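A.B. asks:
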Amino acid sequence: MKLHLFRKALPLAVGAWVMMGTLAQAATYLPPVHRSGTVDYLTGGIGLDESTAIQSVSKKWPLTLEFAIKDKNRADYAAGVHIVMRNAHQHPALQVTSEGPFLLAKVTPGDYTVDASLAGKTLHRKVVVTAGQPTKVVFLWPTGTGVSHS
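Residue numbering for the sequence shown follows the working numbering, starting at 303 and increasing by one per position.
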């Protein structure tokens, strides 16, 4: 009987161990969490490890913003994006410059407007954050944004 229970418990224990290792590895590559006013946020995603880590935890954050520049048949990630997020009363909720193609924010549920500026081109989005439902918004600039022509 004890052997039978051990055989059933062993796969669960191994699965938990693997999961803990995966979560610990993701945490290793996550950029630090910052605070602006009442909003906790993290930004980054440069490099495969950090990008993968951010994407793996994004479902635990109320809001994920992703930044990219269209490049013919694909999109290239963008960094250095200036973000201004305002609540429904048009009060600033978050003002920050991204350190990579992702920004995760712990904002309260509600309606927001987000202005994302890159190389003098600003994209505007209306965003609704609902409790318990992670929201993802992608900002895609046109081809050539941020490219200097000499």
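Each residue gets a CB set at the ideal place from its N, CA and C atoms; glycine is no exception. This structure is a prediction, so every number in the text was calculated from the model and none was measured.
How many angstroms separate the CA atom of Ala-355 from the CA atom of Gln-392?
C.D. replies: As a first step, residue 355 must be located in the sequence shown, where it is residue number 53. As a first step, residue 392 must be located in the sequence shown, where it is residue number 90. Approximately 32 Å, taken between the alpha carbons.
A.B. asks: What does a CB cutoff of less than 8 Å around Ser-360 pick up in its chain, not counting 5 residues either side in sequence?
C.D. replies: Counted from its first residue, the sequence shown places residue 360 at position 58. Closer than 8 Å at the Cβ level, and outside the excluded window around Ser-360, lie Thr-366, Phe-404, Leu-406, Pro-436, Lys-438.
A.B. asks: Work out the CA separation of Gly-422 and Thr-415 for me, nearest whole Å.
C.D. replies: Looking up residue 415 in the sequence shown gives position 113. Looking up residue 422 in the sequence shown gives position 120. Rounded to whole angstroms, Thr-415 to Gly-422 spans 18 Å at the Cα level.
A.B. asks: Spatial neighbours of Val-431 within its chain, please: C-beta separation below 7 Å, excluding the five flanking residues on both sides.
C.D. replies: Residue mapping note: residue 431 aligns to position 129 of the sequence shown, counting from 1. Pro-364, Leu-365, Val-409, Pro-411, Gly-412, Tyr-414, Thr-437.
A.B. asks: Measuring only the C-alpha atoms, how far is Ala-377 from Leu-442?
C.D. replies: On the sequence shown, position 75 is the one that residue 377 refers to. On the sequence shown, position 140 is the one that residue 442 refers to. Spanning the two alpha carbons is a distance of roughly 8 Å.
A.B. asks: Buried or exposed: where does Ala-390 fall if 16 or more other Cβ atoms within 10 Å of its Cβ makes it buried?
C.D. replies: Within the sequence shown, residue 390 is the residue found at index 88, counting from 1. The residue in question, Ala-390, is exposed, as its Cβ has fewer than 16 Cβ neighbours within 10 Å.
A.B. asks: Do you know how far the Cα of Gly-434 is from the Cα of Thr-345?
C.D. replies: Start at 1 with the first residue of the sequence shown, and residue 345 comes out as number 43. Start at 1 with the first residue of the sequence shown, and residue 434 comes out as number 132. Going by the C-alpha atoms only, they are around 21 Å apart.
A.B. asks: What would DSSP say about Val-440, mapped onto helix, strand or coil?
C.D. replies: Reading the sequence shown from its first residue, position 138 is the one you call residue 440. Correct three-state label for Val-440: strand.
A.B. asks: Less than 7 Å between the C-beta atoms of Leu-420 and Val-383, yes or no?
C.D. replies: Numbered from 1 along the sequence shown, position 118 holds the residue referred to as residue 420. Numbered from 1 along the sequence shown, position 81 holds the residue referred to as residue 383. Yes.
A.B. asks: If you draw a straight line from the alpha carbon of Asp-373 to that of Gly-446, how long is it in whole angstroms?
C.D. replies: Numbered from its first residue, the sequence shown carries residue 373 at position 71. Numbered from its first residue, the sequence shown carries residue 446 at position 144. Distance between the alpha carbons of Asp-373 and Gly-446 is about 8 Å.
A.B. asks: Which residue's Cα is closest to the Cα of Val-335: Ser-400, Leu-425, Arg-427, Gly-448?
C.D. replies: Here residue 335 refers to the residue found at position 33 of the sequence shown. With distances taken between Cα atoms, Val-335 lies closest to Ser-400.
A.B. asks: Compute the Euclidean distance between the alpha carbons of Met-387 and Ser-353, then round it to the nearest angstrom.
C.D. replies: In the sequence shown, residue 387 corresponds to position 85, counting from 1. In the sequence shown, residue 353 corresponds to position 51, counting from 1. Going from the Cα of Met-387 to the Cα of Ser-353 covers about 23 Å.
A.B. asks: Let me confirm a value: Val-440 is counted as buried when at least 16 other C-beta atoms fall within 10 Å, else exposed. Which label applies?
C.D. replies: As a working note, residue 440 is residue 138 in the sequence shown. By the neighbour-count rule (16 or more Cβ atoms within 10 Å), Val-440 is not buried but exposed.
A.B. asks: Would you tell me roughly how many angstroms separate the C-alpha atoms of Val-341 and Thr-330, rounded to the nearest one?
C.D. replies: Locating residue 341 in the sequence shown gives position 39, where the first residue counts as 1. Locating residue 330 in the sequence shown gives position 28, where the first residue counts as 1. Spanning the two alpha carbons is a distance of roughly 22 Å.
A.B. asks: How about Pro-334: is its C-beta nearer than 7 Å to some C-beta of chain C?
C.D. replies: The displayed structure is made up of one protein chain only, and chain C is not part of it.
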